[in-house]
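Report on one structure; see the data block that follows.
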Amino acid sequence: MFDPSRADVRRFFCETWRKHREQLPLSPLEAIALDAILLHPEYHADLASLDDALAREYPPEAGRTNPFLHLSLHLAVAEQLQIDQPPGIRAAWQRLAARHDEHDATHALIECLAETVWRAQRDGTAPDGEAYLECVRRKEKGEGGRRKGKSGGPPRGAR
Numbered sequence: 006m007f008d009p010s011r012a013d014v015r016r017f018f019c020e021t022w023r024k025h026r027e028q029l030p031l032s033p034l035e036a037i038a039l040d041a042i043l044l045h046p047e048y049h050a051d052l053a054s055l056d057d058a059l060a061r062e063y064p065p066e067a068g069r070t071n072p073f074l075h076l077s078l079h080l081a082v083a084e085q086l087q088i089d090q091p092p093g094i095r096a097a098w099q100r101l102a103a104r105h106d107e108h109d110a111t112h113a114l115i116e117c118l119a120e121t122v123w124r125a126q127r128d129g130t131a132p133d134g135e136a137y138l139e140c141v142r143r144k145e146k147g148e149g150g151r152r153k154g155k156s157g158g159p160p161r162g163a164r
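The working numbering puts the first residue of the sequence shown at 6, with every later residue one more than the last.
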């Protein structure tokens, strides 16, 4: 199983951005990452310096999204859509994209995925695939992603 460190993730995205700027060939995974990077010009400065990226912190209380976490969630959702795992996620995304646009649909899934992962980490359990799909279904209906009556949610940096 692939389990990159924080530095590995930051290095990957910074290197992908550098290769793009220098018009160097990208691996297939880097090409998928670049698609997400190009959708987020607000992160380009964060990706410009590897040394700065490795040193920078993104505490939730700062009120700023962690670009590396956000881009990583884009990659996770892209993989889920490619293999339709959990089953039905691709069809749900297509329905969301038909009502909004592809990037908004992806962000709806990212929000649900971040909450699912956060809950699993908080509770010390495996991520609940059914709860993830339930969150996505609520997004499809135009409801918020969070379960009613539950407190908490993913840290701001995950959004």
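Even for Gly, the Cβ is constructed at its ideal location relative to N, Cα and C.
- Rounded to the nearest whole angstrom, the C-alpha separation of Ala83 and Asp40 is 10 Å.
- Secondary structure at Tyr63: coil, using DSSP grouped into helix, strand and coil.
- Under the DSSP assignment, Arg69 falls outside any alpha helix (DSSP H); it carries neither an H nor an E label.
- With respect to the 8 Å criterion, Asp51 and Pro72 are classified as neighbours on the basis of their beta carbons.
- In terms of Cβ geometry, Ala119 and Leu59 do not form a close pair [threshold 8 Å].
- Taking one beta carbon from each stretch, the segment 135-142 and the segment 102-122 have 3 or more pairs nearer than 8 Å; the two touch.
- Of the residues assessed, Ala36 falls on the exposed side of the cut-off, its CB having fewer than 16 other CB atoms within 10 angstroms.
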